[in-house]
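Notes for the one structure printed next.
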Amino acid sequence: MTRLFILLLLASQALAIPQLLNYQGELKDTGGSPVDTTVSMLFTMYDSPSLGTVLWSETQGSVTTSDGLFHVLLGSVTPVPDSVFKQSTVWLGITVGTDTEMSPREQIASVGCAYRVSSVDSASGGTITSDLVGLGKGTFGANSIASADYSTVSGGLNNASTGYAGTVGGGQQNQANDDFASVAGGYLNQATGRYSHVGGGGGNIASNENSTVAGGASSIASGFSSTVGGGYQNSAAGTHATVGGGYSNDADSAYATVSGGYSNSAGDYSGVGSGFGNDAQGRYNFIGGGLGNITDSTYSAVAGGHQNQASGFASFVGGGEQNHADTTYATVAGGIQNTAIGESSTIGGGRSNYASRDYATIAGGRDNDATRGFATIGGGAGNAVSYYYGTVGGGYLNHAQGDLTTVGGGWSNIARDSGSVISGGHLNLADGKYSAIAGGSENSASGDYAFAAGQQDTASGDYSTVSGGTRNRALGNKSTVGGGENNEASLYCTVGGGQNNFAGNTATTVGGGSFNEAQGNTSTIGGGRNNVIAGTGYYSTIGGGIENHVSGSYATIAGGGGPLPSDSNSALGNYSTISGGTRNSATGDYSAVGGGWSNSVSNYSSTIGGGYDNTASNENATVGGGSFNSASGHSSTIGGGSGNAAAGEQSVVSGGSGNQAQGVSSFVGSGGGNFATGDYSSVVGGIRNKARGDFSTVAGGGSVSVADSNSAQGIASAIGGGSRNLSSGDLSTVSGGYNNVVDGDYSTISGGKGNRARGDFSTVAGGGGAFQADSNSAQGIASVIGGGRRNLSSGILSTVSGGYNNAVDGDYSTIAGGSDNTLTGGVSFVCGSHVSATADSAFVFGDGSETFSVGADNTASFLVNNGFRIWTANPVSSNIGTRLTAGGTSWVALSDSTTKENRRAANGKDILEKIQSMPIDRWNYKHQDESIEHVGPMAQDFWTAFGLGSDSLGIETIDADGVLFAAVQELAKQNAAQAQEIAELKNMVRQLVQLGNK
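Residues in the sequence shown are numbered consecutively from 16, following our numbering.
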């Protein structure tokens, strides 16, 4: 435990703030040795030496002891309120670190209680809160007089307070000579007006009621409620006039204000902020500062500057030198020697600018003249606006001579007619109504609404435009030249740029390039060189290129051509189009060539996309690209490739090489040497395939050998792929494989080799073999062979699912698979091997151990040399079910003890009695002939008697056997008992006989 020895407790300063208590002490350990450490200490003041009420507490977290000694300032963390020392006694408790509070507490002595010296009875913090009553006059200081009632002289020398309730605070030779007048101090100051006041300074006089001189020297506030804030030799003679300070300033008019400066004066309700020699003569004027500025009209103002004058009503000069705003609402923001004499005219700055008409504006610059109403000059030098609403933005020697004209800048530009505009440049002339020149040099816009730019360009037609370039001419109304050199545009024509281009006739356009001619009405040449649209080429277009020619109306050449005339593209048909390339020709109306070389479209709406040496010679014929392709059929199409021909109407060859689509709406997708000769036939791809039947299809396959090609000859027949396949039946299909033949209509071979589908609606899914004898053959109507080899289905709707050497000749019959099976009966099913079934509606399974022949109709026959099994539960290894053993003739019921549970002895006597009471009838089944009878109980009676089996509708053989076994066993017991009794009776009879014989 630590012990604390208190040495001293003192108040730091009785009246100082903050109010602190200096506390010093010594800290020793339990052995009495001084401690050097840093600890946390909790100081608490109480109203009692034990328990009591906490008056104040604070924790000082880091108190350092040196040789055991420490000192702290109590109240440095939490201020000590003076209410603590209103108690008669105060006790201090100290806690070091996590120890308990030390005992005993220390009483704070009287020195500490002197802490409360900062407050006395009825006073707190130096403010007297109770009434303090003094009687008579108050006079302090030497040779001072307070002669009037309630007058006061607080101190100083030779001061006098002669007015009622007057006051002199101090100073020397100050006088407060009127009622409620006051002089705070200073020298030779006089407050001679009622409620007047002089704050200090020397030689100041406040001579009118409510007048004030705050300080300074030799200043007079002689106006009613006037004020002089300070300075030297200032005068506030007007009612409510104010001089803030400065030297020799006069506020001699009512409500006048001079804030400061030197030798400034202000009229009624006017003000001068500062400066020298400024005169605000008019009412409600203002001068902010500067030198020698004058405002002499109502509401006028000068913010500053030198020798500026605002003489118009509500006029304004912001600054600068020798500027004049001489009429109503005129404004000069700054600059030198600027004059605004038009009503509401404005000059922003600059030099020697002159705004002489109403609402004229000059932003700046030099020697600019705005001589008409609403004229505007942004700047520059020597610029002039001589018509209403004209504007010159800047530049040099520019002139806006017409109403609403504008010159943005530049040099020696003239905007002459109404609404004309020149943005800039040199020696430009806008002489048409609302004409415009964007810039450049020596341009002329003489047409109404014309526009020009560049150098030496001319826009003389109404609404004509020259956007740039040099020596270009837009001569026709609404003509346009975008730029370039020496280009010319006639009526409604346009030249975008380039060199030596000509847009003649009406509404023609040349976008650029050189030596291009657009002569057909509303024709267009985008660019290039030496391109020509003849006069017959109405609404035609050449996008660009070299040496291209158009003579058809609405025709288009996008580009291309070449350096020689023989390289040109020619669009001669109306609405014809050539997108590019060289030596292409579009002579048919609505024909089109996308590009390429030496392509020719010669008929109505024929099209070639590109490539070379392609021809589209019939109406609506199309060649997408490639080479040496010919689309000669009406509406025929060739997508690309080489050497392809689409001769049939609406025929299509997508690509490949040497393909021909000859039938109507025939199609060849790709590959090589394919023929689609049937109408609406298709060869999708492959090589040397033929779709000869109408609506027939070959998807692909084939071979380089003609003998291996696929051929779809039947109507709507189809071959998916493979090689040497033939589909000759109508709507027949060979999906693929090799050397498959479909003769039947609507028949299908899905694949395999050497298969035949000869019956209508027949199907061979696959299979077959290397030799013809191994093929599958579906000969019956709607017959099916799923796969395998050497299978035959010749019956109607007969099926061989697969296997080997199976033959079904019965209608609606099926061989599921296996081998060497024959089925001639109808609606029968055979599976397994070596079955020969002639029966109708039979189910036969043979295990192949021998030929299994079945001829009985409506039977299910099984040859299973190793037994017949039926499982009724999982897993199979549990053997749960029933079976016929090999060579067996009856079903074997599962009775293995390992499969049974809940075994208990049967009550044979009870069972026998129930059998005795259970009806046993002779009956026949309703679904059998009446002649077929049976003997036995009803299942419901058996269920009621024994409750055995899964339900009450049948009797399971194992339950019937068990009941009979139990009954027989009981009968055997009864027979044995009877036999014993009979034997005993016989013995008794024998004995009786023997006795009788004696």
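Each residue gets a CB set at the ideal place from its N, CA and C atoms; glycine is no exception.
Residue i burial status per 10 Å Cβ neighbour count (16 or more: buried)
| i | result |
| --- | --- |
| Val92 | exposed |
| His339 | buried |
| Thr904 | exposed |
| Ser55 | exposed |
| Ser81 | exposed |
| Asp911 | exposed |
| Thr829 | buried |
| His564 | buried |
| Leu42 | buried |
| Ala722 | exposed |
| Phe867 | buried |
| Ile885 | exposed |
| Asp976 | exposed |
| Tyr940 | exposed |
| Thr144 | With a pLDDT of 46 at Thr144, under the threshold of 50, the predicted position of this residue should be treated as unreliable, and no value is reported. |
| Gly47 | exposed |
Residue i to residue j span [Cα, whole Å]
| i | j | result |
| --- | --- | --- |
| Gly455 | Gly303 | 46 Å |
| Ala345 | Phe331 | 6 Å |
| Asn300 | Ala251 | 17 Å |
| Gln794 | Ser594 | 59 Å |
| Ser568 | Tyr507 | 18 Å |
| Phe328 | Thr343 | 4 Å |
| Gly40 | Gln102 | 24 Å |
| Ser274 | Ala281 | 10 Å |
| Asp283 | Gly297 | 7 Å |
| Tyr247 | Gly259 | 11 Å |
| Leu979 | Ala960 | 13 Å |
| Gly170 | Ser241 | 27 Å |
| Gly654 | Ser615 | 15 Å |
| Leu57 | Thr79 | 14 Å |
| Gly141 | Val95 | For Gly141, the predicted structure reports a pLDDT of 42, less than 50, and the residue's modelled location is therefore unreliable. A value from the coordinates is still provided. Each residue's alpha carbon lies about 18 Å from the other. |
| Gly847 | Gly832 | 7 Å |
| Gly365 | Asp294 | 25 Å |
| Ala236 | Gly185 | 21 Å |
| Val452 | Asn383 | Looking at the sequence itself, residue 452 is Ile, so the reference to Val does not match. Rounded to whole angstroms, Ile452 to Asn383 spans 22 Å at the Cα level. |
| Ile21 | Asp97 | Confidence in Ile21 is poor, its pLDDT being 33 and thus under 50, which makes the residue's placement unreliable; the coordinate value appears in the next sentence. Cα-Cα distance, rounded: 23 Å. |
| Ile1029 | Ala982 | A question about residue 1029 goes unanswered here, because the residues of the chain that appear run from 16 up to 1013. |
| Ala399 | Gly410 | 11 Å |
| Gly550 | Val608 | 22 Å |
| Gly218 | Asn189 | 9 Å |
| Ser697 | Val668 | 9 Å |
Bridge-paired residues (DSSP) for residue i
| i | result |
| --- | --- |
| Gln187 | Leu172, Tyr202 |
| Gly783 | Lys768 |
| Ala385 | Ala370, Val400 |
| Val228 | Val213, Val243 |
| Lys705 | Phe690, Ser726 |
| Gln352 | For Gln352, which the question treats as bridged, DSSP gives no partner whatsoever. |
| Thr361 | Thr346, Thr376 |
Pair within 7 Å by beta-carbon distance, residue i and residue j
| i | j | result |
| --- | --- | --- |
| Ser617 | Gly603 | yes |
| Thr207 | Asp193 | yes |
| Ser211 | Ser226 | yes |
| Gly693 | Gly716 | no |
| Glu664 | Gly640 | no |
| Gly439 | Gly417 | no |
| Gly357 | Gly335 | no |
| Gly363 | Gly379 | yes |
| Gly519 | Gly542 | no |
| Gly476 | Gly497 | no |
| Val815 | Ser808 | yes |
| Gly333 | Ala318 | yes |
| Arg544 | Gly528 | yes |
| Ala857 | Gly841 | no |
| Gly783 | Ser790 | yes |
Residue-level contact to chain D via CB, residue i, 7 Å cutoff
| i | result |
| --- | --- |
| Arg918 | Absent here is chain D; the protein component of the structure consists of one chain. |
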